[in-house]
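Shown next, in structure tokens, is the structure this report addresses.
Protein chains: 2
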Amino acid sequence: MSSLRPIAFTRGVPPVEAFPVAEVADCAASVLREDPNILLQYGKSSGYLPLRRWLADQHDVPVEQVLLSNGSLQLMEFLTVELTNPGDVALVESPTYDRTITTFCRNGVEVVGVPLEGDGVNLEALAAAAEQYHPKVLYIIPDFQNPAGVTTALAKRRAIVEMAQRFGFWVIEDVPYRRLRYYGEEQPTLFSLAPDRVMQLSSFSKLLSPGLRTGYLLGAVEVVGEVAKLAEDTYITPALPTEGIIYEYCRRGLLEENIARLCDLYRPKLDATLAALRRELPGAGYAEPQGGYFAGVTLPENLTTADLLVAAGRANLTLTNGEGFFTEPPERVFVRIPFCSLSIADIDEGIARLGQIVRGKR
Amino acid sequence: MSSLRPIAFTRGVPPVEAFPVAEVADCAASVLREDPNILLQYGKSSGYLPLRRWLADQHDVPVEQVLLSNGSLQLMEFLTVELTNPGDVALVESPTYDRTITTFCRNGVEVVGVPLEGDGVNLEALAAAAEQYHPKVLYIIPDFQNPAGVTTALAKRRAIVEMAQRFGFWVIEDVPYRRLRYYGEEQPTLFSLAPDRVMQLSSFSKLLSPGLRTGYLLGAVEVVGEVAKLAEDTYITPALPTEGIIYEYCRRGLLEENIARLCDLYRPKLDATLAALRRELPGAGYAEPQGGYFAGVTLPENLTTADLLVAAGRANLTLTNGEGFFTEPPERVFVRIPFCSLSIADIDEGIARLGQIVRGKR
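Chains as they are written, first to last, in this note's numbering: chain E, 1 to 362; chain L, 1001 to 1362.
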């Protein structure tokens, strides 16, 4: 057994200091006393109307284009059912969020990866895949991508929605990290560039709390209506008091200051991650994230994923198997670093252990 | 337009006076302050452990046999995926809960109804259907059935689980109304009679609040484990703060007194319903419910469902289309009376209007 302290580079969860506990508890008591006959009752499958209205105002869309659910993965499941049939092809960035691959596969959809570069997907590969596979959807995380940390450049955003129009596929744009920007300037969403071709998913998991399980969908009213019908058939109504808590939190104007606080909390962790990567893994390949939860690192040496996982385990460093983010095994070993959940000491020490493994010192 | 006041005999929702608002709000603030790092974080797909433990104690099963989800309909969806394949047959009581029929059908399962009598399904018809269709599951609501109000007699419970063993099908026992008993004595659950063949569903929707969307599953640890995996793939974690609120409410010992209060609230409504049926619809067929939410009435005259709905609409009485509770159109017109949600004045007046329609006076 290693005597090193255990460090986990695994799930992208917020650190506990991210949670504004007292405010959330106060919002809960307050909104439940204020609106109990709605929050404690069966309701519409599209979710708590005041929060839908708040989101509609924020995004400047009619409320009919906004639907709430028990987390955005549940919405990904509903969109898969509504926008694809078994045997259809979905395109994803390669690498991408592993649970999206699982969702498509469980619904019988063939998943084809399009190589992700430092500024978004390779456009030639995307066009070729669209030609070859006639995909029904492209799933994309354009801001601070999970797992690679990449943000899609504006020119690529425009090219992607243009291809969606030309080839007739839907874009599912997943933007849970978008507001967690520590450096640089925001790019327009794909939804804003092509509101009739893009369904946008997001959630309050990274901006307030994952346990509240509130995701939301913005997009074409016909698709939102179909998802509402499927949601009603699946669970009648999403959990309402948690949506009420979030509404009350937003209504009090606390969300923007919480986002600013989270950016201040996470920015030094990103800085520490990039500094440690430069110091410990000079030959590795990675995009420098400007926000979000993750840095994605392609290792420089001729190491296999299996070797890495064994060596890391011996060094008390738990890694997610990087192959899970790909539709086909990648050529080089990929490591995701979920820096938000880690202390700076663990970021430094964990990346140092990775460097030692790569240099054959462990 | 009718000048009569509108009355709705439609959804089985609790009346607003059922909600113990102040206690729920207080439990919310308290549990969120007490256990925020669990309740606001991602967690296990099987739900909030303290509530699972509380339920395990209540039902005298190991905690591994208990799983929580966002309402019991979501669990019905998961069980359908786990226990059946498209093309399989499921048996249901005829009539049965309409959303269960929808869930089976959406998953490609053929639904076959077994006639429901005043003391449970007709056993000869059940045996014949088991012989003929080799069903994978039987879905049954043995206590205060939705929509018929029937409670399955003990001898039939024993016979049903014996058939499940003999023919090798699963029983899904749905018991959301079980604790709402206003008269008579509780019968053993099917789960207690055959814990290896019966998966039990229930929820806090009728005992505390539907908006909290907390259903639970009890049963074989292998099936519970498979459902937990599917739940994780679908939504990662169920909504946790609502489960925490319920746990705190139960921990404080408030649930039993709330159930007693609800029974006192609903018993006079059942009494009024049965008195009005005797008075206004002497030729109708119905079981006399001893609890729950519903009385199910088969009308005496040669009236079609379409005629009834039109006449009721003219009398400002909104009815659920009774045919939705059947897999094949019933021979006689069926009306569900969700008495809990109604005032006694509306029960009296609504059933009086029904009687007038049946007697051709409207």
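We treat Cβ as the ideally placed atom computed from N, Cα and C, and that holds for glycine.
All figures in this text were calculated on a predicted structure; none of them were measured in a lab.
Exercise for the section: Report the rounded CA-to-CA distance for residue 1251 of chain L versus residue 1322 of chain L, giving the unit in angstroms. Expected result: Their backbone Cα atoms lie some 40 Å apart in a straight line.
Handout entry: Option nearest residue 1298 of chain L by Cα separation, candidates L:1049, L:1332, L:1339
Key = Nearest C-alpha to residue 1298 of chain L: L:1332.
Exercise for the section: Note down, in chain order, all residues in the segment 1030–1058 of chain L with a beta-carbon under 7 Å from any beta-carbon belonging to chain E. Expected result: Residues of the segment 1030–1058 of chain L with a C-beta less than 7 Å from any C-beta of chain E: 1032, 1033, 1036, 1037, 1039, 1040, 1041, 1042, 1043, listed in chain order.
Exercise for the section: Check the Cβ of residue 1245 of chain L against every Cβ in chain E and list those closer than 9 Å, keeping chain order. Expected result: 28, 32, 241, listed in chain order.
Practice task
Would you mind reading off the limits of the beta strand (DSSP E) that contains residue 139 of chain E?
Solution key: Residue range 137–140 is occupied by the beta strand (DSSP E) that includes residue 139 of chain E.
Practice task
Taking C-beta pairs closer than 8 Å, name the residues in chain L that residue 19 of chain E reaches, listed in chain order.
Solution key: Near residue 19 of chain E (Cβ distances below 8 Å), the residues of chain L are 1036, 1037, 1040, 1041.
Practice task
Starting from residue 123 of chain E, trace the alpha helix (DSSP H) both ways and give me its first and last residue.
Solution key: DSSP places residue 123 of chain E in the uninterrupted alpha helix (DSSP H) bounded by 123–133.
Exercise for the section: Going by CA-CA distance only, name the one from L:1127, L:1324, L:1124 that's closest to residue 1105 of chain L. Expected result: Considering only alpha carbons, the answer is L:1324.
Exercise for the section: Determine the burial state of residue 132 of chain E: buried for a count of at least 16 other Cβ atoms within 10 Å of its Cβ, exposed for fewer. Expected result: Exposed, since its Cβ has fewer than 16 Cβ neighbours within 10 Å.
Handout entry: contact_flag[the segment 1056–1070 of chain L, the segment 1223–1239 of chain L] where n(CB pairs < 8 Å) is 3 or more
Key = They touch, by the three-pair rule.
Handout entry: Positions along the segment 77–100 of chain E whose CB lies within less than 8 Å of some CB in chain L
Key = So the list reads 77, 99, given in the order they occur along the chain.
Problem - residue 1252 of chain L: contacting residues in chain E (beta-carbon distance under 8 Å) - result: Listed along chain E, no residue sits closer than 8 Å to residue 1252 of chain L by beta-carbon distance, the nearest being about 15 Å off.
Practice task
Return the first residue and the last residue of the alpha helix (DSSP H) that residue 230 of chain E is part of.
Solution key: Element bounds for residue 230 of chain E: 221–235.
Exercise for the section: Measuring alpha carbon to alpha carbon, tell me which of L:1337, L:1221, L:1048, L:1021 ends up nearest residue 39 of chain E. Expected result: Closest option to residue 39 of chain E, Cα to Cα, is L:1021.
Handout entry: Identity of the residues DSSP links to residue 1319 of chain L by a beta bridge
Key = Beta-bridge partners of residue 1319 of chain L (DSSP): L:1009.
Handout entry: Reduced DSSP secondary structure (H/G/I, E/B, other) of residue 280 of chain E
Key = DSSP, reduced to helix, strand and coil, places residue 280 of chain E within a helical segment of the structure shown.
Problem - Amino acids of chain E, ordered along the chain, whose beta-carbon sits closer than 8 Å to that of residue 1065 of chain L - result: Those do not exist, as residue 1065 of chain L stays about 22 Å from chain E at its closest Cβ, beyond 8 Å.
Handout entry: Spatial neighbours of residue 1283 of chain L in its chain, beta-carbon cut-off 6 Å, leaving aside the 5 residues before and after
Key = Hits under 6 Å: 1300.
Problem - Proximal residues to residue 1196 of chain L (C-beta, below 7 Å), its chain only, five neighbours per side dropped - result: Counting only Cβ-Cβ distances below 7 Å, and skipping sequence neighbours, we find 1220.
Practice task
Throw me the rounded Cβ distance for the residue 1349 of chain L and residue 1007 of chain L pair, which I believe falls under 8 Å.
Solution key: Confirmed, about 6 Å.
Exercise for the section: Could you give the DSSP three-state label for residue 196 of chain E: helix, strand or coil? Expected result: Three-state result, residue 196 of chain E: coil.
Exercise for the section: Report the three-state DSSP secondary structure of residue 247 of chain E (helix, strand or coil). Expected result: Residue 247 of chain E carries a helical assignment under DSSP once its states are collapsed to helix, strand and coil.
Exercise for the section: Would you kindly work out how many angstroms separate the C-alpha atoms of residue 58 of chain E and residue 189 of chain E, rounded to a whole number? Expected result: Straight-line Cα distance between these residues: approximately 14 Å.
Problem - 9 Å Cβ cutoff met for residue 66 of chain E and residue 224 of chain E - result: Cβ atoms of residue 66 of chain E and residue 224 of chain E: closer than 9 Å.
Exercise for the section: Please name the residue or residues paired with residue 1216 of chain L in a DSSP beta bridge. Expected result: According to DSSP, which records beta bridges pairwise, residue 1216 of chain L is partnered with L:1068, L:1202.
Handout entry: Inter-residue CB distance, residue 212 of chain E and residue 1241 of chain L (contact presumed, cutoff 8 Å)
Key = Yes, they are in contact, since the Cβ atoms of residue 212 of chain E and residue 1241 of chain L sit about 6 Å apart, within 8 Å.
Problem - Buried/exposed call for residue 135 of chain E, threshold 16 Cβ in 10 Å - result: Residue 135 of chain E is classed as buried because its beta carbon has at least 16 other beta carbons within 10 Å across all chains shown.
Practice task
Name, in chain order, the residues that DSSP records as bridge partners for residue 295 of chain E.
Solution key: Looking at the DSSP assignment, residue 295 of chain E forms a beta bridge with E:337.
Exercise for the section: Would you mind giving the Cβ-Cβ distance between residue 1315 of chain L and residue 1362 of chain L, rounded to the nearest angstrom? I have them listed as a contact below 8 Å. Expected result: Right, the Cβ-Cβ distance comes to about 5 Å (below 8 Å), so this counts as a contact.
Practice task
Compute the distance between the beta-carbons of residue 410 of chain E and residue 161 of chain E, then report whether it is under 9 Å.
Solution key: Nothing about residue 410 of chain E can be reported from this structure: the residues present for chain E run from 1 to 362 only.
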